[in-house]
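To start, the structure under review is shown below, and the notes come after it.
Protein chains in written order, with my numbering: chain Y, 43 to 246; chain V, 1063 to 1181.
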């Protein structure tokens, strides 16, 4: 056996070893994902269970950037003004995407437990530092039992919004609320006005 | 020829790739981190995220990401309690900026902060 052939044999064995290890890791990852998926009884957001329509598409200005961030743009759903649900290309995560001006914000959780047992998922988009805000928008998606989202700002200033049929919502702080600062709580209420879930606001 | 092709391929692969500027590490309450200013040489499609939060989806698990310009003004600030928080500036902005991450929660968690310059 020539040295060249011998080296080639080593390379082949190495490639085979790498392939076996990679295969084992992939199998383990698949098993983990399957376990997570099967352990969750969570229903996906309603918007993902309806047919996609033309208005669900992300605006052209955001498409390239969203693809670059590995979002599956062909599966997007618009759930409220400037607010979308978009799975990742690997389908491992589901992201809530909020478009405000030339900024695309998103928050993601594993798709199999997107709500993680909670009533709503949201993000707070801000302009300016937390201590000197010039803009604040809360965007999110709620489960079907939620009839209203309520944000309380310092001083007891309260704003609320009704989720869309898809559960989506966008709440822009009024100038009065904005001058008070970030919300101290964000709550999901049912049809009777009962608080289903209350989340404290962020720290500075 | 092959070397040139490999170089081009590598450049394409790197374009838009996010890289960490803080972590993975444990973030105590109130801890923050900044990356370097980009000098305005990456005007478009700049992205910052905090991801793999160990408490993601749990009550109070807040993180904040932002891009801060040379004058100290915050842009693209985003905060939430989920596993991954990110913001990307789309075409149209051009200013000197640095990525910023903070644990603005009441919890201690592990996470990593990434930035990507896509121009």
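Even glycine gets a Cβ: it sits at the ideal position worked out from N, Cα and C. Note that the structure is predicted; figures quoted are calculated from it, not measured.
(request) Quick one: list the residues of chain V neighbouring residue 242 (chain Y), beta-carbon separation under 7 Å, in chain order. (result) Correct list: 1122.
(request) Assuming residue 244 (chain Y) and residue 1166 (chain V) form a contact by the criterion Cβ under 8 Å, report the distance between their Cβ atoms to the nearest whole angstrom. (result) Between residue 1166 (chain V) and residue 244 (chain Y) the Cβ distance is about 5 Å, and since that is below 8 Å, they are a contact.
(message) For a minimum of 3 consecutive residues, which ranges assigned as the beta strand (DSSP E) are wholly contained in the stretch 185-232 of chain Y?
(response) If only uninterrupted beta strand (DSSP E) runs of at least 3 residues are considered, those enclosed by the stretch 185-232 of chain Y are 190-195, 199-203, 210-214 and 227-231.
(message) One question on the structure: do residue 150 (chain Y) and residue 1145 (chain V) come within less than 8 Å of each other, judged by their Cβ atoms?
(response) Cβ distance < 8 Å, so residue 150 (chain Y) and residue 1145 (chain V) count as in contact.
(request) Specify whether the stretch 154-167 of chain Y and the stretch 225-238 of chain Y touch according to this definition: at least 3 beta carbon pairs, one from each stretch, less than 8 Å apart. (result) Yes, they touch.
(message) Less than 8 Å between CB atoms is the rule here; does residue 1172 (chain V) satisfy it with respect to chain Y?
(response) For residue 1172 (chain V), the answer is no, since every Cβ of chain Y falls outside 8 Å of its Cβ.
(request) Find the residues of chain V that neighbour residue 163 (chain Y), judging by a C-beta separation of less than 7 Å, and give them in chain order. (result) The answer, in chain order, is 1144.
(message) Using a Cβ-Cβ cutoff of 8 Å, what residues of the stretch 1146-1171 of chain V are near chain Y? List them in chain order.
(response) Cβ contacts with chain Y: 1146, 1147, 1148, 1149, 1150, 1151, 1152, 1153, 1154, 1155, 1166, 1167 and 1168.
(request) Ignore the nearest five residues each way along the sequence and tell me which others in residue 197 (chain Y)'s own chain have a CB closer than 7 Å to its CB. (result) For residue 197 (chain Y), where only same-chain residues beyond five positions count, the Cβ hits under 7 Å are 222.
(request) Select from the stretch 176-191 of chain Y all residues with a C-beta closer than 7 Å to any C-beta belonging to chain V, and list them in chain order. (result) Here the close residues number zero.
(message) By the DSSP assignment, the alpha helix (DSSP H) with residue 104 (chain Y) in it spans what residues?
(response) Element bounds for residue 104 (chain Y): 102-110.
(message) Against residue 1118 (chain V), what residues of chain Y qualify as contacts under a CB-to-CB distance less than 7 Å, listed in chain order?
(response) Taking the beta carbon of residue 1118 (chain V) as reference, the chain Y residues within 7 Å of it are 151, listed in sequence order.
(request) For residue 133 (chain Y), go through chain V and note every residue whose CB falls closer than 8 Å to its CB, in chain order. (result) The contacting residues do not exist; residue 133 (chain Y) stays about 15 Å from chain V at best.
(message) Let me check understanding here. Comparing Cα to Cα, which of V:1174, V:1132, V:1168 and V:1091 lies closest to residue 1099 (chain V)?
(response) For residue 1099 (chain V), the nearest C-alpha among the options comes from V:1132.
(message) Please give me, in chain order, every unbroken run of the beta strand (DSSP E) with length at least 3 that falls completely inside the stretch 136-192 of chain Y.
(response) Along the stretch 136-192 of chain Y, the beta strand (DSSP E) occurs as fully enclosed runs of 3 or more residues at 145-152, 162-169 and 177-184, listed in sequence order.
(message) For the stretch 1130-1144 of chain V, list every residue whose C-beta sits within 9 Å of some C-beta in chain Y, in sequence order.
(response) Of all residues in the stretch 1130-1144 of chain V, the ones placed with a Cβ closer than 9 Å to any Cβ belonging to chain Y are 1130, 1134, 1135, 1136, 1137, 1138, 1139, 1140, 1141, 1142, 1143 and 1144, in chain order.
(request) Please state if the CB of residue 1110 (chain V) and the CB of residue 1177 (chain V) are separated by a distance shorter than 8 Å. (result) In this structure, residue 1177 (chain V) lies near residue 1110 (chain V), with their beta-carbon atoms less than 8 Å apart.
(request) Flag residue 120 (chain Y) as yes if its beta-carbon sits less than 8 Å from any beta-carbon of chain V, otherwise no. (result) No - not a single Cβ of chain V is within 8 Å of the one on residue 120 (chain Y).
(request) Buried or exposed for residue 67 (chain Y), please, with buried defined as at least 16 other CB atoms from any protein chain shown within 10 angstroms of its CB. (result) Below a pLDDT of 50, predicted positions are generally treated as unreliable, and residue 67 (chain Y), at 42, falls in that range; the measurement from the model is reported next regardless. It counts as exposed.
(request) Go ahead and label residue 128 (chain Y) buried or exposed: buried means 16 or more other beta carbons lie within 10 angstroms of its beta carbon, across all protein chains shown. (result) By the 16-neighbour rule on beta-carbons within 10 angstroms, residue 128 (chain Y) is buried.
(message) Let me confirm a value: residue 246 (chain Y) is counted as buried when at least 16 other C-beta atoms fall within 10 Å, else exposed. Which label applies?
(response) Per the 10 Å Cβ criterion, exposed.
(message) Using 8 Å as the cut-off, can you tell me whether the stretch 203-210 of chain Y makes contact with the stretch 84-95 of chain Y, which would need three or more C-beta pairs spanning the two stretches below that distance?
(response) With the cut-off at 8 Å, the stretch 203-210 of chain Y and the stretch 84-95 of chain Y touch.
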